[in-house]
Amino acid sequence: MTVNKPKVPKGLSYIIKSSQLKALFEELKLDIDVSVNYSVSKEGPEGIRVFECLYWLPNMNVSYDRLYITIGTVNISNKEKISILLKELFPKFKEWILFLLSQPENSTLIKHDSYIRANFINDEFVLKSEPDYTSSS
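Take a look at the structure:
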(Lines of atoms letter the chains of each structure in order from A and count residues from 1; the text may use other names and numbers.)
(Lines give C-alpha, C1' and ligand atoms only; values in the text may rest on other atoms or scores of the structure.)
Protein backbone atom coordinates (compact mmCIF):
# COMPACT_ATOMS: atom_id res chain seq x y z
CA MET A 1 0.00 0.00 0.00
CA THR A 2 1.47 3.34 -1.04
CA VAL A 3 0.26 6.47 0.73
CA ASN A 4 0.47 10.13 -0.30
CA LYS A 5 -0.65 12.25 2.66
CA PRO A 6 0.04 15.99 2.65
CA LYS A 7 -0.36 18.03 5.80
CA VAL A 8 -4.00 18.92 6.42
CA PRO A 9 -4.96 22.61 6.70
CA LYS A 10 -5.85 23.98 10.13
CA GLY A 11 -9.46 23.32 11.12
CA LEU A 12 -9.78 20.23 8.90
CA SER A 13 -9.20 16.54 9.55
CA TYR A 14 -8.82 13.51 7.29
CA ILE A 15 -11.70 11.11 7.88
CA ILE A 16 -9.70 7.85 7.80
CA LYS A 17 -6.22 7.03 9.04
CA SER A 18 -3.98 5.00 6.74
CA SER A 19 -3.49 2.54 9.62
CA GLN A 20 -7.26 1.86 9.58
CA LEU A 21 -7.11 1.00 5.87
CA LYS A 22 -4.00 -1.13 6.35
CA ALA A 23 -5.76 -3.09 9.11
CA LEU A 24 -8.80 -3.57 6.87
CA PHE A 25 -6.71 -4.95 4.00
CA GLU A 26 -4.81 -7.24 6.38
CA GLU A 27 -8.11 -8.51 7.81
CA LEU A 28 -9.37 -9.28 4.30
CA LYS A 29 -6.02 -10.83 3.31
CA LEU A 30 -6.10 -8.91 0.03
CA ASP A 31 -3.26 -9.27 -2.40
CA ILE A 32 -3.90 -6.23 -4.58
CA ASP A 33 -1.96 -3.06 -5.32
CA VAL A 34 -3.40 -0.14 -3.34
CA SER A 35 -2.64 3.57 -3.74
CA VAL A 36 -4.04 5.90 -1.09
CA ASN A 37 -4.13 9.63 -1.74
CA TYR A 38 -5.26 12.16 0.82
CA SER A 39 -6.64 15.49 -0.37
CA VAL A 40 -8.66 18.43 0.84
CA SER A 41 -12.33 17.84 0.00
CA LYS A 42 -14.24 20.43 -1.97
CA GLU A 43 -17.98 20.89 -1.82
CA GLY A 44 -19.81 20.09 -5.04
CA PRO A 45 -23.38 19.47 -6.17
CA GLU A 46 -23.35 16.07 -4.42
CA GLY A 47 -21.93 17.41 -1.16
CA ILE A 48 -18.40 16.89 0.11
CA ARG A 49 -16.68 13.78 -1.26
CA VAL A 50 -14.91 12.26 1.71
CA PHE A 51 -14.03 8.83 0.32
CA GLU A 52 -13.63 7.28 -3.11
CA CYS A 53 -12.18 3.97 -4.21
CA LEU A 54 -11.68 3.19 -7.88
CA TYR A 55 -11.10 -0.38 -9.01
CA TRP A 56 -8.76 -0.33 -11.98
CA LEU A 57 -8.48 -3.33 -14.26
CA PRO A 58 -5.21 -4.25 -15.99
CA ASN A 59 -4.39 -2.26 -19.12
CA MET A 60 -1.61 -1.97 -21.71
CA ASN A 61 0.72 -0.29 -19.20
CA VAL A 62 -0.11 -2.15 -15.98
CA SER A 63 -0.74 -5.89 -15.94
CA TYR A 64 -2.57 -6.19 -12.60
CA ASP A 65 -5.72 -4.98 -10.83
CA ARG A 66 -5.41 -1.97 -8.52
CA LEU A 67 -7.36 0.06 -6.00
CA TYR A 68 -6.98 3.84 -6.11
CA ILE A 69 -8.34 5.39 -2.93
CA THR A 70 -8.88 9.08 -2.23
CA ILE A 71 -9.57 10.14 1.34
CA GLY A 72 -10.92 13.61 1.96
CA THR A 73 -11.24 16.06 4.79
CA VAL A 74 -14.01 17.33 7.00
CA ASN A 75 -14.26 20.28 9.33
CA ILE A 76 -13.05 19.30 12.79
CA SER A 77 -16.49 20.20 14.17
CA ASN A 78 -17.95 17.29 12.12
CA LYS A 79 -15.28 14.75 13.12
CA GLU A 80 -17.38 12.99 15.79
CA LYS A 81 -20.36 12.66 13.42
CA ILE A 82 -18.05 11.36 10.69
CA SER A 83 -16.48 8.73 12.96
CA ILE A 84 -19.97 7.37 13.67
CA LEU A 85 -20.79 7.34 9.96
CA LEU A 86 -17.53 5.51 9.18
CA LYS A 87 -18.94 2.53 11.04
CA GLU A 88 -21.42 2.32 8.16
CA LEU A 89 -18.86 2.93 5.41
CA PHE A 90 -16.24 0.33 6.32
CA PRO A 91 -18.56 -2.73 6.19
CA LYS A 92 -20.03 -1.57 2.87
CA PHE A 93 -16.55 -0.92 1.48
CA LYS A 94 -15.50 -4.45 2.50
CA GLU A 95 -18.60 -5.95 0.86
CA TRP A 96 -17.93 -4.02 -2.37
CA ILE A 97 -14.29 -5.13 -2.58
CA LEU A 98 -15.13 -8.75 -1.82
CA PHE A 99 -17.94 -8.67 -4.39
CA LEU A 100 -15.58 -7.39 -7.11
CA LEU A 101 -12.83 -9.86 -6.26
CA SER A 102 -15.29 -12.77 -6.24
CA GLN A 103 -16.30 -12.15 -9.86
CA PRO A 104 -14.94 -14.43 -12.59
CA GLU A 105 -12.24 -13.00 -14.84
CA ASN A 106 -14.71 -12.56 -17.71
CA SER A 107 -17.37 -10.83 -15.57
CA THR A 108 -19.36 -8.14 -17.35
CA LEU A 109 -20.16 -6.46 -14.01
CA ILE A 110 -16.65 -5.13 -13.52
CA LYS A 111 -15.68 -2.22 -15.69
CA HIS A 112 -12.59 -0.04 -15.75
CA ASP A 113 -14.48 2.70 -13.94
CA SER A 114 -15.90 0.65 -11.05
CA TYR A 115 -16.09 2.75 -7.88
CA ILE A 116 -17.50 3.23 -4.42
CA ARG A 117 -17.93 6.80 -3.14
CA ALA A 118 -19.07 8.42 0.07
CA ASN A 119 -20.22 12.03 0.10
CA PHE A 120 -21.13 13.99 3.20
CA ILE A 121 -24.25 16.09 2.62
CA ASN A 122 -26.75 17.50 5.12
CA ASP A 123 -25.02 15.64 7.99
CA GLU A 124 -25.44 12.28 6.23
CA PHE A 125 -23.29 9.87 4.27
CA VAL A 126 -24.53 9.22 0.76
CA LEU A 127 -22.92 6.07 -0.57
CA LYS A 128 -22.86 5.13 -4.26
CA SER A 129 -21.16 2.26 -6.02
CA GLU A 130 -20.75 0.92 -9.52
CA PRO A 131 -21.43 -1.89 -9.90
CA ASP A 132 -24.23 -1.78 -7.36
CA TYR A 133 -23.24 -4.94 -5.51
CA THR A 134 -26.37 -4.78 -3.31
CA SER A 135 -28.74 -5.48 -6.21
CA SER A 136 -26.40 -7.95 -7.94
CA SER A 137 -26.10 -10.44 -5.12
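Counting with numbering that gives the first Met the number 0, you get residues 0 to 136 for the letters of the sequence shown. Built from N, CA and C at the ideal position, the CB exists for glycine as well. The model shown is predicted, which means the values in this text are computed figures rather than measured ones.
Look at Y63 here: in three-state DSSP terms it is coil, with no helix or strand label. I14 places its beta carbon less than 8 Å from that of I70. For I83, the enclosing alpha helix (DSSP H) has its first and last residue at 78 to 101. Judged by DSSP secondary structure, S17 falls within the alpha helix (DSSP H) whose first and last residues are 17 to 27. Annotation for R65: D32, W55 place their beta carbon closer than 6 Å to its own, counting only its chain and skipping 5 residues before and after. In the structure shown, the three-state DSSP call for I120 is strand. Per DSSP, the continuous beta strand (DSSP E) segment holding L11 begins and ends at 11 to 13. Around P130, the same chain offers L108 as residues with beta carbons nearer than 6 Å, after the five sequence neighbours per side are excluded. Counted as a single uninterrupted DSSP element, the beta strand (DSSP E) harbouring I47 occupies residues 46 to 55.
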